[in-house]
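Have a look at the structure below before the remarks.
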Amino acid sequence: MATTETKTVNGISVPPAGRWEFDKAHTSFSFVARHMLSKVRGQFPEYEGSVEIAEKPEDSKIVVELNSAAVTTGNEMRDGHLNSGDFFL
Numbered sequence: 268m269a270t271t272e273t274k275t276v277n278g279i280s281v282p283p284a285g286r287w288e289f290d291k292a293h294t295s296f297s298f299v300a301r302h303m304l305s306k307v308r309g310q311f312p313e314y315e316g317s318v319e320i321a322e323k324p325e326d327s328k329i330v331v332e333l334n335s336a337a338v339t340t341g342n343e344m345r346d347g348h349l350n351s352g353d354f355f356l
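Under our numbering, the first residue of the sequence shown is numbered 268, with each subsequent residue one higher.
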């Protein structure tokens with residue numbers, strides 16, 4: 268059995284260096300925006316991403332690519348507006 272050594276930096280456990288892809292069964296990208304008196308909730312169901320832990324934790328990074336054309340808020344008209352020049356384009 269292989270063992271992995273966990274580092275501790277300033278009292279925080281840091282995983283070993285490596286690259287991990289997002290597990291789509293356990294990851295989601297959603298948002299909440301206030302509009303007048305209500306809150307608009309939405310999500311980006313199409314995405315790619317990874318977490319890269321570097322040997323020096325401060326050099327680590329998260330890379331995320333969201334497909335803005337796939338945004339969904341439960342309202343087709345609003346989704347179309349989000350994909351207009353007023354927002355994502």
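Just so it is clear, CB atoms sit at the ideal spot from N, CA and C, and this is done for glycine as well. Computed from a prediction, not measured in an experiment: that's the story for all the values here.
Query                                                                                                                                : Result
With DSSP as the reference, label residue 304 as helix, strand or coil.                                                              : coil
Quick check: the stretch 299–306 against the stretch 327–337, are there 3 or more CB pairs under 8 Å?                                : no
Determine which residues share a DSSP beta bridge with residue 316 and list them.                                                    : 331
Measure from the alpha carbon of residue 275 to the alpha carbon of each residue in 323, 316, 311, 315, then state which is nearest. : 323
Alpha carbon to alpha carbon, how far is residue 283 from residue 343?                                                               : 43 Å
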